[in-house]
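The opening position of the sequence shown corresponds to residue 6 in the working numbering, with each subsequent residue numbered one higher.
Glycine included, every Cβ here is placed at the ideal spot set by N, Cα and C.
Just so we're clear, the structure is a prediction, and the values are computed from it rather than from any experiment.
Below you'll find the structure, written out as structure tokens, and then a few comments.
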Amino acid sequence: MGYNGAILARARARLADRRRANEEEQAGRLQRVYARLPRVAEIDGELRRQMARLAALALSRSPSAAADIEELRGRNLALQRERASLLAGAGLPEDYTDEIYHCPLCRDTGYVGAQPCECLKREYNAELTRELSGLLRDDGERFEDFRLDCYSAQPDAASGVSPRDVMGLTFSYCRDYARKFSAASPSLVFRGGPGLGKTFLSACIAREAAGRGFSVAYESAPKALAAFELQRFSRDAAEADAAAQRVRAYLGCDLMILDDLGTEMTTSFSVSALYQLVNTRLTDGRPTIISTNLDGAEIERRYGAQVASRLAGEFEHLSFAGSDIRRMRKEGGL
Ligand SMILES: Nc1ncnc2c1ncn2[C@@H]1O[C@H](COP(=O)(O)OP(=O)(O)O)[C@@H](O)[C@H]1O
Ligand SMILES: [Mg+2]
Ligand SMILES: [Zn+2]
Numbered sequence: 006m007g008y009n010g011a012i013l014a015r016a017r018a019r020l021a022d023r024r025r026a027n028e029e030e031q032a033g034r035l036q037r038v039y040a041r042l043p044r045v046a047e048i049d050g051e052l053r054r055q056m057a058r059l060a061a062l063a064l065s066r067s068p069s070a071a072a073d074i075e076e077l078r079g080r081n082l083a084l085q086r087e088r089a090s091l092l093a094g095a096g097l098p099e100d101y102t103d104e105i106y107h108c109p110l111c112r113d114t115g116y117v118g119a120q121p122c123e124c125l126k127r128e129y130n131a132e133l134t135r136e137l138s139g140l141l142r143d144d145g146e147r148f149e150d151f152r153l154d155c156y157s158a159q160p161d162a163a164s165g166v167s168p169r170d171v172m173g174l175t176f177s178y179c180r181d182y183a184r185k186f187s188a189a190s191p192s193l194v195f196r197g198g199p200g201l202g203k204t205f206l207s208a209c210i211a212r213e214a215a216g217r218g219f220s221v222a223y224e225s226a227p228k229a230l231a232a233f234e235l236q237r238f239s240r241d242a243a244e245a246d247a248a249a250q251r252v253r254a255y256l257g258c259d260l261m262i263l264d265d266l267g268t269e270m271t272t273s274f275s276v277s278a279l280y281q282l283v284n285t286r287l288t289d290g291r292p293t294i295i296s297t298n299l300d301g302a303e304i305e306r307r308y309g310a311q312v313a314s315r316l317a318g319e320f321e322h323l324s325f326a327g328s329d330i331r332r333m334r335k336e337g338g339l
């Protein structure tokens, strides 16, 4: 996927903030060390003068230059040792006042040579996720908060399997999926009635994949499919442009989560947008998670045989069982 300029600029600004904060921290450390150990300030002044002399000697043609450099080097090492032992005496590590950086590969510049560093790509993906995942709240759902006791342990008369059994499997599948998420992960359909935790578990996956540096778009079907329509039909050029950028990101991000498919107004346009989304991402090998109340027959009726056969044949299906947790909560049952 090509880079979105505005998002790249924000990612680089974050690295710049990080550099600034680290420079401030380093300056503060130096100040505190100089206040406590004035001799270290003297040594640093002397080391700087030595550096200047060394540079001059390296260019000089004096016959004694080589010996002078050797002598200087010896004094330089002695000063460094003295400095380190002064710091150690004050209980500080030897590198306490050295340059501070998060990323040893690029020293927080974001580039290794002309190539963007992994840390810049991670920041970029995090920015993109913030931009695309309107549904993802900061304090939102986590796997640790998922409760199995929200689901009945009563076996279903026909299958002999309880909702809790079903949801236990669904839960561990999702947690495993999130931990191991990669471009090679399968696409998923979450199927089940309202209030069974589809949005909850897809949010957990979104958060975990985003935390591991993947770009994640987590959006409701009405809003995501509306972007396809706006990019095509909006009369407002800026709006059409913004929508086109979102569509490109939906098609190109590492993980797209389309929540609540079937709640949007179905038109021939939304049907073709859904097909484009599903098909492009499958072709490019990018995983998609779709959650829906609709069963296979309803999907075929609403979106046609092409979409239905893609979902049936190339997505893994997870069942959500039980009784509406939202309603039970309201009625005080949980
Ligand atoms: N297993 C669970 N443990 C705790 N809370 C849950 C669980 N499943 C769902 N909830 C809560 O119940 C409500 C409905 O869940 P939600 O994921 O929105 O259902 P769905 O998307 O399937 O309609 C939400 O407030 C959600 O946080
Ligand atoms: Mg939902
Ligand atoms: Zn880096």
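Three-state class that DSSP yields for residue i in the structure shown
i    : result
L266 : strand
P168 : helix
L110 : coil
E104 : coil
L133 : helix
Y8   : coil
R44  : helix
R147 : coil
Y223 : strand
L97  : coil
T271 : coil
S192 : strand
Y1   : The chain is shown from 6 up to 339; residue 1 falls before or after that span and cannot be answered.
L92  : helix
L260 : strand
Cβ-heavy atom distance, residue i to ligand 3, below 6 Å
i    : result
L153 : no
L13  : no
Where residue i falls, given that 16 or more other Cβ within 10 Å makes a residue buried
i    : result
V283 : buried
D246 : exposed
T272 : exposed
Q236 : buried
M56  : exposed
D264 : buried
M270 : exposed
V166 : exposed
K203 : buried
R41  : exposed
E47  : exposed
D259 : buried
Heavy atom of ligand 2 within 6 Å of residue i beta-carbon
i    : result
T175 : no
T285 : no
D150 : no
D265 : yes
Straight-line gap, residue i to residue j (C-alpha atoms, nearest Å)
i    : j    : result
E29  : D113 : 14 Å
S190 : Y182 : 8 Å
G267 : F320 : 17 Å
I330 : P160 : 18 Å
R17  : A71  : 45 Å
C122 : E132 : 16 Å
I12  : R66  : 53 Å
A248 : S177 : 36 Å
I294 : S225 : 11 Å
G145 : Q250 : 26 Å
D154 : V221 : 29 Å
beta-carbon residue i near ligand 1 non-hydrogen atom, thresh 6 Å
i    : result
F233 : no
P199 : yes
T204 : yes
R291 : no
R331 : yes
>> Which runs of the beta strand (DSSP E) at least 3 residues long sit entirely within the segment 297-333? Give them in chain order.
In response: 320-324
>> Run the Cβ filter for me: residues under 5 Å from any heavy atom of ligand 4, listed in the order they occur in the chain.
In response: Absence of ligand 4 from the depicted structure is noted, with ligand 1, ligand 2 and ligand 3 being the only ligands included.
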